[in-house]
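Trainee:
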Amino acid sequence: MYTYNVPANSKYNIFEKYDTLFITLRGVFFALILFCASFLSPYIGCNYQFILKTRPSVRYLLLFLVIYFSVNLVNPNMKNVEHPIYAIMRSLFVFMVFILMNKVPIMTIITIMVFFALLVLASRYHAYYKQDDLNRNENQQMNLDILEIVQWVLVISIFVLLLISVFNKDKKYASITLDKCHT
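Read left to right, the sequence shown gives residues 14 to 196 (this note's numbering).
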């Protein structure tokens, strides 16, 4: 039996080991976009507004639920069913990152949002170039490698910016509570 000289898929499976990290960070971006659209909150019922205003635990629970469902919505691998505890742990990680972002200055938030958008864009391009029906050649393999490096640089940059901002000496942004902003 004759076999064609087809490259092994082992090189393409390296990225899948870290796929959950990139999916999780896309969930952070989705949650940030969702909460940036919270200008619609005056249109929910008065009882909901009262509960959210008077009970901080309900705000945290609602935030966690939005993060849980948004992290699971951005998973492009819907054919793979994962253990539910992994989704909960990933959501807790996103929740902590989201809470830490309350301590970040405005310009850092804007920079992190741009990095999140670039991460989503790079992961979409990576998923496109990784398709089996595309003719793989040297150029497309190089594109896959470059996109993996770009994604790692963006992830590391996001975490470095968060850590620098959290441990900054300026405590002007030190609140991690979900209180209303005082302007």
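Positions of the beta carbon are idealized from the N, C-alpha and C atoms, including for glycine. A quick note: this is a predicted structure, and the numbers were derived from the prediction, not measured.
(1) Quick check on DSSP: helix, strand or coil for asparagine 150?
(2) Should the stretch 121-128 be called in touch with the stretch 160-173, which here means at least 3 C-beta pairs below 8 Å?
(3) Taking serine 104 and phenylalanine 63 to be in contact with their CB atoms under 8 Å, please state how far apart those CB atoms are, rounded to whole angstroms.
(4) Would you call the stretch 66-81 in contact with the stretch 152-162, where contact means no fewer than 3 C-beta pairs closer than 8 Å?
(5) State the DSSP-derived secondary structure class of glutamate 161, mapped to helix, strand or coil.
(6) Along the chain, where does the alpha helix (DSSP H) containing phenylalanine 129 start, and where does it finish?
(7) Is histidine 139 closer than 9 Å to leucine 113 when the C-beta atoms are compared?
(8) Going by other Cβ atoms of all chains shown within 10 Å of its Cβ, with 16 needed for buried, is phenylalanine 111 buried or exposed?
Mentor: Taking the structure as given:
(1) coil
(2) yes
(3) That pair is no contact at about 26 Å.
(4) no
(5) helix
(6) 119-142
(7) no
(8) buried
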